[in-house]
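Those protein sequences? They're chains A and B, same order as listed.
So that you can map any letter, position 3 of the first sequence is -15 in the working numbering, and since no number is skipped, the others follow by simple counting.
Take the position in the second sequence, starting the count at 1, then add 2; the result is the number in the working numbering.
Report on the structure given below.
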Amino acid sequence: AQSVTQLGSHVSVSEGALVLLRCNYSSSVPPYLFWYVQYPNQGLQLLLKYTSAATLVKGINGFEAEFKKSETSFHLTKPSAHMSDAAEYFCAVKMGRGADGLTFGKGTHLIIQP
Amino acid sequence: SAVISQKPSRDICQRGTSLTIQCQVDSQVTMMFWYRQQPGQSLTLIATANQGSEATYESGFVIDKFPISRPNLTFSTLTVSNMSPEDSSIYLCSVEGWGGSTYNEQFFGPGTRLTVL
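Below you can see the structure in the form of structure tokens.
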């Protein structure tokens, strides 16, 4: 079975500060990992994905994430927060290629302070 | 990415009734999935909609409650049957394996916001 843990249901940072959203996973096989963002009253948008290529993955809107197998982590970062980054962020895992859906973490609500 | 539409976008229904949600994709896709997002919660996979065969349901979800159809490679429906207030959620379809995209990249529809009174 696979699972995802997102530490911190709410994270608050100042505009211009570093954003760090934490995600740890468990999987019995090498996983595929994803970060999605959900803006208020909107659908999910894929930010970035790890699929066993480079461990440092760059996504849209200046976000990036690093896959660390030894720590079973896939934390999301952005060097400088912008007000428009305020949203709900979901980490998700999929066990390899195949007809599997995604297992999502509980989500982290990112708050940007002016 | 694939363009995914869902109908209806929202609905308010009475207890005991059923609602069918449609998911339409603008290109043929291999995999289609249905998820539920309860108020203030994360997403939970309901089932995988298989073209030409019965859907594969996750633990806690059954066909009698959530019948699914997938008549072709661009369309699927999810029915929420005999609804109760606990079924109030956002229901989302997602797709994987379309056109020129890589596998293991799921795109989501805008969701259907269901309120059951």
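Positions of the beta carbon are idealized from the N, C-alpha and C atoms, including for glycine.
For residue i, count neighbouring Cβ atoms within 10 angstroms of its own Cβ and tell me buried if that reaches 16, exposed if not.
i: M141 (chain B); result: Nothing about residue 141 (chain B) can be read from this structure; chain B reaches only from 3 to 119.
i: V64 (chain B); result: exposed
i: L0 (chain A); result: exposed
i: K50 (chain A); result: exposed
i: I21 (chain A); result: For the record, residue 21 (chain A) in the displayed sequence is Tyr; it is not Ile. By the 10 Å Cβ count, Y21 (chain A) comes out exposed.
i: P87 (chain B); result: exposed
i: D66 (chain B); result: exposed
i: G62 (chain B); result: exposed
Would you report the Cα separation of residue i and residue j, rounded to the nearest angstrom?
i: V11 (chain A); j: S7 (chain B); result: 33 Å
i: Y7 (chain A); j: L30 (chain A); result: 16 Å
i: S(-9) (chain A); j: G99 (chain B); result: 31 Å
i: R17 (chain B); j: F35 (chain B); result: 25 Å
i: R115 (chain B); j: P61 (chain A); result: 34 Å
i: P41 (chain B); j: E70 (chain A); result: 13 Å
i: K9 (chain B); j: A47 (chain A); result: 34 Å
i: L38 (chain A); j: F56 (chain A); result: 9 Å
i: I42 (chain A); j: W17 (chain A); result: 11 Å
i: N84 (chain B); j: F86 (chain A); result: 27 Å
i: S20 (chain B); j: G(-2) (chain A); result: 48 Å
i: S34 (chain A); j: L15 (chain A); result: 9 Å
Using three-state DSSP, classify residue i as helix, strand or coil.
i: S86 (chain B); result: coil
i: N6 (chain A); result: strand
i: I65 (chain B); result: coil
i: N43 (chain A); result: helix
i: D82 (chain A); result: coil
i: M77 (chain A); result: coil
i: D67 (chain A); result: helix
i: S71 (chain B); result: strand
i: D28 (chain B); result: coil
i: L15 (chain A); result: strand
Considering only the alpha carbon of each residue, which of the options lies closest to residue i?
i: T79 (chain B); options: B:L94, B:M85, B:E107 and B:D28; result: B:L94
i: I94 (chain A); options: A:T(-13), A:L3 and A:V(-14); result: A:L3
i: L45 (chain B); options: B:I92, B:R12 and B:T114; result: B:I92
i: S(-4) (chain A); options: A:G87, A:G83 and A:S66; result: A:S66
i: D13 (chain B); options: B:S90, B:F109, B:F110 and B:N52; result: B:S90
i: G25 (chain A); options: A:K76, A:F72 and A:G87; result: A:F72
i: S55 (chain B); options: B:L47, B:S61, B:N74 and B:Y37; result: B:N74
i: E53 (chain A); options: A:S(-6), A:K40, A:S9 and A:D82; result: A:S9
i: Q30 (chain B); options: B:S96, B:G62, B:G113 and B:T117; result: B:S96
Are the C-beta of residue i and some C-beta of chain A separated by less than 8 Å?
i: T50 (chain B); result: yes
i: P69 (chain B); result: no
i: F110 (chain B); result: yes
Any beta carbon of chain B sitting closer than 8 Å to that of residue i?
i: K60 (chain A); result: no
i: T2 (chain A); result: It is Leu, not Thr, that sits at residue 2 (chain A) in the sequence shown. No, L2 (chain A) does not count as interfacial toward chain B.
i: L(-11) (chain A); result: no
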